[in-house]
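When we follow the numbering used here, the leftmost residue of the sequence shown carries the number 1, and every step to the right adds one.
Cβ coordinates follow ideal geometry from the N, Cα and C atoms, glycine included.
Please read the structure below before turning to the comments.
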Amino acid sequence: MVKDIITYPTTPSLEFGGNVRHFDETLFELIQDLKDTIEANNLNALAAFQIGSPYSVMVIKQENGEYLEIINPRIIKREGSVESVETTAYFPGLSAKTKRYEKIKLMYEDREAKQQFLEADGELSIIIQRKLDYLFGSNFRVRLSEKERELFDSKLEFGTDAITDNGCPTVFKRDRILQLFRVLFISSLLGVGGSFFVEKDVLVELQSVETYLMISMLGLIVVYFFYAQYEGRQYKNCSSCQIGNIIGTSFIELVKLFVVFLLNYFLVFSS
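Next up, the structure:
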């Protein structure tokens with residue numbers, strides 16, 4: 001049966017992760033529920049906690065499509081360390097850079113209560129360690145460095161994985177939009193000035209160019225306004241402090257565009 005997946009802020013606790021003592025139909029139903037939920041949500045693994053069960057059970061879908069059923073797991077050997085960017089259904093839509101053991105040796109029991117051993121490395125090792133966190137009353141947040149934890153907490157606060165830094169840079173990509181706007185603005189002013197020194201037939205073409213320039217400038221202002229907000233949300237400390245600056249800058253550029261419009265309007269009217 002497909003179960004609802006528990007998500008943050010429901011907190012894992014030591015009440016979960018209880019060792020399985022009875023290898024009976026109740027256990028088999030739990031394992032099947034884990035498999036059904038994995039399939040329904042297109043996941044690669046689930047721990048029992050993630051569907052609300054207190055037992056120390058995890059199920060992993062392998063590359064060949066078969067399932068690895070792990071009951072009462074314990075890591076008995078570990079080697080090396082590796083950094084990886086992890087995601088989990090517990091924190092939907094969010095990711096974090098964690099530090100894990102590169103290789104592990106796992107002792108566990110299968111559904112027949114027989115003791116098994118598994119040596120894992122690469123992605124399988126990381127998945128097992130992530131699910132073990134849940135079975136022992138935790139999640140991958142405790143594996144993060146202090147800097148990465150602060151960044152991840154910002155992602156939790158704002159509900160987006162777009163945040164890449166807690167700092168606020170002095171130069172933004174959106175500034176390039178303003179640079180292009182200013183090039184068009186200066187070009188438009190030069191066109192207005194040059195209109196006093198050209199013949200009437202050339203003036204008609206020049207006015208057409210001015211119209212395209214004004215439309216382009218208006219489009220750049222709109223793009224700047226929305227992109228600047230998107231870019232600001234990637235930096236926690238900029239989300240609030242930059243919004244006023246974005247609105248103010250957009251208003252100033254609109255005033256410049258209005259000035260160009262008035263100049264062109266009077267130019268057409270006088271001609």
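For the options Asn139, Arg74, Lys61, the alpha carbon positioned closest to that of Thr10 is the one of Asn139.
Here Lys173 has Glu231 as same chain residues with Cβ atoms under 7 Å from its own Cβ, once five neighbours each way along the sequence are excluded. Of the candidates Phe185, Asp201, Tyr265, Phe185 places its Cα closest to the Cα of Ile252.
Within the model, the alpha-carbon separation for Pro54 versus Phe225 is close to 49 Å. Here the alpha carbon of Ser250 sits roughly 6 Å from the alpha carbon of Ile221. Secondary structure note for Thr26: its alpha helix (DSSP H) is the uninterrupted segment 25-41. DSSP places Phe117 in the strand class (E or B) of the three-state scheme. Contact between the region 62-71 and the region 144-159 is absent: fewer than 3 CB-CB pairs across the two stretches fall below 8 Å. The C-beta distance from Lys131 to Ala45 rounds to 6 Å, short enough to fall under 8 Å. Considered as a whole, the region 91-147 harbours 95-100, 103-109, 115-121 as its complete beta strand (DSSP E) runs of no fewer than 3 residues, in chain order. Note that the region 89-98 does not touch the region 113-125; fewer than 3 beta-carbon pairs, one per stretch, sit closer than 8 Å.
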